[in-house]
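Q: Heads up: the sequence lines are chains H and E, in that order.
For the first sequence, my numbering begins at 296 and goes up steadily by one.
For the second sequence, my numbering begins at 296 and goes up steadily by one.
There are 2 protein chains.
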Amino acid sequence: MMDLKEFRANAHRLADWMADYLETLEQRRVSPETRPGDVRGALPATPPAEAEPFDRVMADFERVVLPGMTHWDHPNFYAYFPGDHSPASILAEMLTAAMGAQCMSWNTSPAATETEQAMMEWLRQMVGLPDTFTGVLQDTASSATLVAMLEARERATNFRFAKEGAAAPGADKLVVYGSREAHSSIDKAVRLAGLGEGRLRKLPTDERFSLRVDELAEAMRSDRNEGMIPCAVVATVGTTSSTGVDDVAAIAKLCREHGAWLHVDAAYAGSTAILPELRPHFRGWEEADSIVFNPHKWLFAQFDCSAYFVKDPGHLIATCGANPEYLKWSADDQVANFRDWGIPLGRRFRALKLWFVIRDFGVEGLRKVLREHIRLAGVVRELVEEHPDFEVLAPSPFGLVCFRYRPARMAADDPKVDELNRELLARVNASGKALLTHTTLKGKYAIRWSIGSLQVQERHVRATWELVQRSV
Amino acid sequence: MMDLKEFRANAHRLADWMADYLETLEQRRVSPETRPGDVRGALPATPPAEAEPFDRVMADFERVVLPGMTHWDHPNFYAYFPGDHSPASILAEMLTAAMGAQCMSWNTSPAATETEQAMMEWLRQMVGLPDTFTGVLQDTASSATLVAMLEARERATNFRFAKEGAAAPGADKLVVYGSREAHSSIDKAVRLAGLGEGRLRKLPTDERFSLRVDELAEAMRSDRNEGMIPCAVVATVGTTSSTGVDDVAAIAKLCREHGAWLHVDAAYAGSTAILPELRPHFRGWEEADSIVFNPHKWLFAQFDCSAYFVKDPGHLIATCGANPEYLKWSADDQVANFRDWGIPLGRRFRALKLWFVIRDFGVEGLRKVLREHIRLAGVVRELVEEHPDFEVLAPSPFGLVCFRYRPARMAADDPKVDELNRELLARVNASGKALLTHTTLKGKYAIRWSIGSLQVQERHVRATWELVQRSV
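1. Between which two residues does the alpha helix (DSSP H) carrying F349 of chain H extend?
2. My understanding is that V325 of chain H touches F372 of chain H, with C-beta atoms under 8 Å, so please give their C-beta distance in whole angstroms.
3. Check each candidate in H:D708, H:W636 and H:T538 and name the one with the smallest Cα separation from V605 of chain H.
4. Using a Cβ cut-off of 7 Å, pull out every chain H residue sitting near K458 of chain E, in sequence order please.
5. Could you tell me which chain H residues have their CB closer than 8 Å to the CB of P499 of chain E, listed as they occur along the chain?
6. Are the beta-carbon atoms belonging to R578 of chain E and V528 of chain E less than 8 Å from one another?
7. When burial is assigned at 16 or more other CB atoms within 10 Å of the CB, is K592 of chain E buried or exposed?
8. Using C-beta distances below 7 Å, list every residue in its chain close to R722 of chain E, excluding the 5 sequence neighbours before and after it, in chain order.
9. Using a Cβ-Cβ distance under 8 Å, would G395 of chain H count as near chain E?
10. Taking I638 of chain E and S384 of chain E to be in contact with their CB atoms under 8 Å, please state how far apart those CB atoms are, rounded to whole angstroms.
11. By a C-beta neighbour count over all protein chains shown, 10 Å radius and 16 as the cutoff for buried, is N402 of chain H buried or exposed?
12. Which residues of chain H have a Cβ atom closer than 8 Å to the Cβ of D655 of chain E, listed in chain order?
13. Going along the chain, which residues of its own chain have a beta-carbon closer than 7 Å to the beta-carbon of H366 of chain E, five neighbours each way excluded?
14. Is it true that the CB of T535 of chain E sits closer than 8 Å to the CB of H478 of chain E?
15. Along chain E, which residues have their Cβ under 8 Å away from the Cβ of L317 of chain H?
16. Taking any Cβ of chain H, which residues in the segment 372-385 of chain E have a Cβ under 9 Å from it, in chain order?
17. Quick check on the DSSP output: the alpha helix (DSSP H) that includes G460 of chain E runs from which residue to which?
18. Determine, using beta carbons only, whether M394 of chain H and F598 of chain H come nearer to each other than 8 Å.
19. For a contact meaning CB atoms closer than 8 Å, what does W417 of chain H contact in chain E?
20. Ordered along the chain, which non-local residues of its own chain (more than five positions away) have a Cβ less than 6 Å from that of N305 of chain H?
21. What's the call for M705 of chain H, buried or exposed, on a 16-neighbour Cβ count within 10 Å?
22. Could you give the residue range of the beta strand (DSSP E) that holds G430 of chain E?
23. In chain E, which residues lie less than 8 Å from F428 of chain H when you measure between Cβ atoms?
24. Kindly list the residues whose CB is nearer than 7 Å to the CB of W417 of chain E, restricted to its own chain and excluding five residues on each side of it in sequence; keep chain order.
25. Consider the Cβ of V696 of chain H: report whether some Cβ of chain E lies at a distance smaller than 8 Å.
26. Quick one, which residues of the segment 605-621 of chain H are near chain C if we go by CB-CB under 9 Å, in chain order?
27. I need the straight-line Cα distance from T759 of chain H to E620 of chain E, nearest angstrom please.
28. Expressed to the nearest angstrom, what Euclidean distance is found between the alpha-carbon atoms of I426 of chain H and E459 of chain H?
29. By the 10 Å Cβ neighbour count, where 16 or more other Cβ atoms means buried, how is G473 of chain E classified, buried or exposed?
30. For L338 of chain H, decide whether its Cβ has a neighbour in chain E, counting only Cβ atoms nearer than 8 Å.
31. The beta strand (DSSP E) that contains K271 of chain E, what's its start and end?
32. Taking DSSP's pairing of strands, which residues face V471 of chain H in a bridge?
33. With 8 Å set as the bound, which would you pick, yes or no: does the beta-carbon of T567 of chain E sit closer than that to a beta-carbon of chain H?
34. E572 of chain E touches chain H at which residues, Cβ-Cβ below 7 Å?
35. H576 of chain E to H558 of chain E, Cα distance in whole Å?
36. Please state whether the Cβ-Cβ distance between D655 of chain E and A346 of chain H is less than 8 Å.
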């Protein structure tokens, strides 16, 4: 094992490696040419019995691992949604790693708990939520959404589902609603929470990919008439396929009427609520019971860092809490023990990177970067719209543009268009010069161009557009 | 926002900070003197509008955060179970942070997925599990145990619980078993999975804090006779309170008889299965359906890094998988997409630190450290046993000794003994020179002395023993 003197030298070596990596990102392929099995095949099948020098480990890292990585902060990473980091976030992670603190309870690291409280308060103010909300960090929006569904389940059954399971009165009557564009994590959460996939109503969307509120009203009424219990509605601000925006205010009204839990999934778009000009998209989210958005997506505090806000922390704790003797502490009644605010017991010190990032950018600095990304998405949109052989397939209120190639000679419903676009995307990505992903929108294959890297500039976008045109 | 030139300089500064931190750990208090609210009160109530220089951020970190941290790798950290890190692990986390990759699917970072596959294979061999097991990393044992309970639920109901919820046939008949010493995460998992707390049978243990197999046999038989369905048994190797060891082989036999899922919770002790001389404690775990142990506890790959092994990955994927259009990739049928092997969608590159740690120590090096920790636990045990006013309260097969102060003049059942120990522990911890925690064992207040820091030496243990004696 290396000693601390060697550690110091290696840490300096990696400090340079990190800076070099960020400085040279643009020169790399965005995604690797790796074929399935390449990396595993290059790693020994058995662990080494004896210690190996760090030089050899690092050389193998550069030879085997690095060429097999997708570079999420490459300026031409336009895939999925951004998974951002930033210099300040990386520095915070260095400190987090060095301290190695396990932050499950207040007393296992008081400063971690209280920094998290302070950062959730900062975030709450930044996105303009009222002080009726209290926040906690989760690893991912998927986990937060599962927690929300569990909270909804327990509110609807007065904690009898948790106590009695399927035998609880009403347990077999609970229904959850969301749009067909809602994220797959909703389906997964409903399944894992034991509500039953068949009890998730995925309702149609309008031409802007927003949940049709009339359909929701009708579904809730009809379920209610049949003796079912509308348990929860998931409203999405910024759906994954196309960043559609549900009418949260109208949905909130229906939730109040039926006593259903309102969970707002703003995993991607939530960060943009720091921009006053985009706040209208979030109208009504202050009526929610729970809200999730991911600073790790578009607020430069790297994965994992998902912000979960609730109106009633007591209900959250009653749903997720546990208090065995070996975790008790004398000051438990005066502090927050975040182990009781989610699924895992152990917790990393995630708030540190938020603190570093918000101070390194300043709120105005964060706004500036987000506005530039949104401006660049506007550039993409214009380029696509101006070209006779390409078309935009959805509104683009944030940083994502969904489009496809459709030569003027081909009809909108020609099934060959999908195939052309599948091939186009494969060629663009195979070049290693950009990475985009796809979805289907109203049955049409759509290419998703998502802007979010801290390093992206207009020249990258324009060069990628040239690449796309060349690749048809 | 700092530019990359500033980032490089700051990264070097933090490289020194990290090395200084590790070198001076021993000079710090183990746990802080922080009172509830101290840290939060020292942080501004609102976020800064403008960017702040990193010097100021770092100064605040050292002034506000650092004095409020518990130092988990302090040589005199004897609390809970270890939450270890090591130089190689920290270096790996630096690279992970710099790349910021999101490793949900094979194609979002092929090398991350395949390194994880290779490391789970190394771990499997290291702990002596047969190749009928396949592993995946989870964040915590709590999450892994929840996944295990969900897998059990779905096997028992042929996936109808997931599909139909509480209305599924048999959904209200499922029973889960574990000992009274089983971890609180079992209770939590049973509750969250919708099985119902009332359906968890926490059975008595023997004088060694092992699940009484006769009681389990009787409970399963009796439930079966009453039309209930024995769904899962959680066997623990190394319970949290006292590191009790259940007879996994005998429990496995009962599970086979009743078709129940066998989950082995070896969160803490699992790492010791790399020691051939401790393998007898794990006899029968190869019969399990699922096993969890935490390299982040006692294998120097820092939190979060929890190893979950299953016999049937197909069943795991059927329980936790989701495959929406926007995540599909051309090579999906040839690769592992670990997003489908647990609860969260997004995933950090956790395998890198395992790779670095195993190579930096070598398997023999890891064995050496674990053996030294276990030897030191033996020293503690001897010191306690030799003292007329102290007594050991449980066997100590691994690195934990449970003991209490009981002056020779006081009877074993004198209720004042608990109070004396509560005060003793408070004095020891308030000194800042060591940190221990407590539990209750068979109704008695017990102090837990858990050995696990990479920096702990016999002199630390002996000095802490002096401190304990002085603090009565």
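Backbone N, C-alpha and C define an ideal beta-carbon position, used for all residues, glycine too.
A: Working from what's here:
1. F349 to D355 is the extent of the alpha helix (DSSP H) around F349 of chain H.
2. Between V325 of chain H and F372 of chain H, the beta carbon gap of about 5 Å places them in contact (Cβ cut-off 8 Å).
3. Ranking the options by Cα distance to V605 of chain H, first place goes to H:W636.
4. Here the neighbours are G491, E492 and G493.
5. Under the 8 Å cutoff, chain H gives no residues; its nearest Cβ is about 17 Å from P499 of chain E.
6. In this structure, R578 of chain E sits away from V528 of chain E, with a CB-CB distance that is not shorter than 8 Å.
7. Result: buried.
8. Around R722 of chain E: S766.
9. Yes, because at least one Cβ of chain E sits closer than 8 Å to the Cβ of G395 of chain H.
10. Rounded to whole angstroms, the Cβ separation of I638 of chain E and S384 of chain E is 24 Å, and the two are not in contact under 8 Å.
11. By the C-beta density criterion, N402 of chain H is buried, having at least 16 other C-beta atoms within 10 angstroms.
12. Chain H residues near D655 of chain E: M296, M297, A346, E347, F349 and V352.
13. Only L320, R323, V325 and F372 meet the Cβ criterion.
14. Taking 8 Å as the Cβ cut-off, H478 of chain E and T535 of chain E qualify as a contacting pair.
15. L299, F302 and A393, listed in chain order.
16. For the segment 372-385 of chain E, which is checked against every Cβ of chain H, the residues closer than 9 Å are A374, Y375, G378, D379, H380, S381, P382, A383, S384 and I385.
17. Neither: G460 of chain E is in no alpha helix (DSSP H) and is coded neither H nor E.
18. Here M394 of chain H is not near F598 of chain H, since their CB atoms are 8 Å or more apart.
19. Listed along chain E, the residues sitting closer than 8 Å to W417 of chain H by beta-carbon distance are T341 and P342.
20. The answer, listed in chain order, is F349.
21. M705 of chain H should be labelled exposed.
22. Counting along the chain, the beta strand (DSSP E) containing G430 of chain E begins and ends at T429 to Q433.
23. Within chain E, no residue comes near F428 of chain H; the closest Cβ sits about 15 Å away, beyond 8 Å.
24. Cβ neighbours of W417 of chain E beyond the five flanking positions: I653.
25. Judged by the 8 Å Cβ criterion, V696 of chain H is not in contact with chain E.
26. Here the protein chains are H and E, and chain C is not one of them.
27. The straight-line gap from Cα to Cα measures roughly 23 Å.
28. Checking the displayed sequence, the identity of residue 426 of chain H turns out to be Asp instead of Ile. Cα to Cα, the separation comes out at about 35 Å.
29. A residue is called buried when at least 16 other Cβ atoms come within 10 angstroms of its Cβ; G473 of chain E meets this threshold and is buried.
30. With 8 Å as the cut-off, L338 of chain H counts as an interface residue toward chain E.
31. The structure shown does not extend to residue 271 of chain E, since chain E is modelled only from 296 to 767, so the question has no answer here.
32. Answer is H:L495 and H:A527, bridged to V471 of chain H.
33. With respect to chain H, the C-beta atom of T567 of chain E has no partner C-beta closer than 8 Å.
34. Chain order gives no chain H residues near E572 of chain E, where near means a beta carbon separation below 7 Å; the closest approach is about 17 Å.
35. When only Cα atoms are considered, H576 of chain E and H558 of chain E end up about 16 Å apart.
36. When the beta-carbon positions are compared, D655 of chain E and A346 of chain H come within less than 8 Å of each other.
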